[in-house]
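Residue numbers (this note's numbering): 2 to 84. Taking it in order: structure first as structure tokens, then the write-up.
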């Protein structure tokens, strides 16, 4: 079954990605420049207009000086998605 970007897991992922950007004290513009993308790229995934693939999530983590494995570990331990 295909998941919607509005499912709880995707919402939590978007919130977690925005949180690491803010904790890194980066604006959307600063993060987008670090990623080599337009500002709208960051805005769209933060509001749910765009999904990121796993490699893109890793790139965001790296740009925010977060180890991707730490982000994934924290996200999976805090995500209590019921199956």
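Don't be surprised by glycine CBs; every beta carbon is placed ideally from N, CA and C.
Exercise for the section: Give the straight-line distance between the Cα atoms of residue 72 and residue 62, rounded to the nearest whole angstrom. Expected result: In this structure, the alpha-carbon of residue 72 lies about 7 angstroms from that of residue 62.
Problem - Under 8 angstroms between C-beta atoms of residue 33 and residue 42 - result: In terms of Cβ geometry, residue 33 and residue 42 form a close pair [threshold 8 angstroms].
Handout entry: Distance, residue 70 Cα to residue 26 Cα
Key = When rounded, the separation of the alpha-carbon atoms in residue 26 and residue 70 is 20 angstroms.
Problem - Anticipated Cβ contact below 8 angstroms, residue 49 with residue 22, distance rounded - result: Beta-carbon to beta-carbon, residue 49 and residue 22 are separated by about 15 angstroms, too far to satisfy the 8 angstroms threshold.
Exercise for the section: Hey, could you find the ends of the alpha helix (DSSP H) residue 36 is sitting in? Expected result: Looking at the DSSP string, the run of the alpha helix (DSSP H) that includes residue 36 is 29-36.
Handout entry: residue 44 beta carbon less than 8 angstroms from that of residue 29
Key = Pairing residue 29 with residue 44 gives a Cβ-Cβ distance under 8 angstroms.
Handout entry: Rounded separation between residue 74 and residue 64 - CA only
Key = So the two alpha carbons sit approximately 18 angstroms from each other.
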